[in-house]
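Undergrad:
Residue numbers (the numbering used here): 633 to 874.
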């Protein structure tokens with residue numbers, strides 16, 4: 633809650649300044665600083681394990697040119713991040729992450745899959761959520777409508793969110809096919825008209841990525857469920873380690 637309206641302050645991949653993004657440590661730090669929700673990126677590696685990773689290729693974090701999809705889990709977890717962080721950590725699986733943060737705050741899983749045959753990826757996600765019994769704590773968002781449709785096909789009660797930016801009309805035309813529970817518009821697309829339409833369709837609304845005070849002031853006039861942010865989860869000072 634910033635100002636007078638209650639909504640989730642969802643950290644975008646955790647505290648990426650002090651720890652590697654999408655790691656357990658980065659998200660622990662975000663919670664300590666006041667985050668009331670977590671957002672992480674999910675990909676599938678070579679052996680079918682779901683891991684937390686934003687980029688499709690390992691270049692930015694590890695100076696490796698191979699893709700996450702072609703790298704086995706044991707190799708991923710042994711790779712050192714090229715940047716030195718105050719709080720180092722390693723790549724973790726989605727299961728490790730969810731087990732660590734079970735029964736804490738709401739968690740948004742941003743599913744990164746760009747292909748046209750998402751069945752295996754969707755099945756893995758559904759199987760993990762079913763096994764861990766965490767339907768109420770998580771929801772899965774994606775830019776890929778085929779993946780979201782497949783998730784609902786496999787498990788109608790799994791919560792999903794449709795990520796979109798321009799062109800908004802195209803996304804709204806596709807949405808009925810998805811039966812999504814939430815919309816995730818880019819902050820530029822968070823207009824009174826879109827918010828009103830979302831409310832009419834009984835969609836939850838999570839706006840990304842809100843880091844600018846001018847943007848925050850503009851959207852706070854609306855009713856929404858949360859913002860995904862790199863900055864505004866920092867509502868409490870981080871206490872020094874003892």
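No residue lacks a Cβ here, since even glycine has one placed at the ideal position from N, Cα and C.
(1) Between which two residues does the beta strand (DSSP E) containing residue 740 stretch?
(2) Tell me the rounded alpha-carbon separation between residue 840 and residue 640.
(3) Can residue 821 and residue 802 be called in contact, C-beta distance under 9 angstroms?
(4) What's the call for residue 798, buried or exposed, on a 16-neighbour Cβ count within 10 Å?
(5) Going by alpha carbons, who is nearest to residue 875 out of 656, 863 and 823?
(6) To the nearest angstrom, report how far apart residue 693 and residue 792 are at their CA atoms.
(7) Quick check on DSSP: helix, strand or coil for residue 764?
(8) What is the rounded straight-line gap between the Cα of residue 868 and the Cα of residue 703?
(9) Just to check my reading of the structure: residue 824 and residue 717 have Cβ atoms closer than 8 angstroms, yes? What is that Cβ distance to the nearest angstrom?
(10) How many Å lie between residue 732 and residue 768 at the Cα?
(11) For the ligand FMN, is there a heavy atom less than 8 angstroms away from the beta-carbon of residue 773?
(12) So, for residue 633: in the same chain, excluding its five sequence neighbours on each side, which residues have a beta-carbon less than 7 angstroms away from its beta-carbon?
(13) Find out if the Cβ-Cβ distance for the pair residue 746, residue 813 is shorter than 9 angstroms.
(14) Look up residue 715 in the DSSP assignment and say whether it is helix, strand or coil.
(15) Pairing CB atoms from the segment 846 to 859 with CB atoms from the segment 827 to 837, are three or more of them under 8 angstroms?
(16) Determine the DSSP secondary structure at residue 642, reduced to helix, strand or coil.
(17) Just confirm the distance between the C-beta atoms of residue 588 and residue 686, as a whole number of angstroms; I'd bet it's less than 8 angstroms.
TA: According to the data block:
(1) 739 to 743
(2) 12 angstroms
(3) no
(4) exposed
(5) Any question about residue 875 goes unanswered here, given that the chain covers just 633 to 874.
(6) 29 angstroms
(7) helix
(8) 38 angstroms
(9) The pair is not a contact, with the Cβ atoms about 41 angstroms apart (cut-off 8 angstroms).
(10) 16 angstroms
(11) The ligand FMN is not part of the structure shown, which contains no ligands of any sort.
(12) Because residue 633 sits at a pLDDT of 47, beneath the cut-off of 50, its placement in the model cannot be relied upon, and the following sentence gives the value as read from the coordinates. Same-chain partners within the cutoff: 639.
(13) no
(14) coil
(15) yes
(16) strand
(17) Limits of the chain in this structure are 633 at one end and 874 at the other, which puts residue 588 out of reach.
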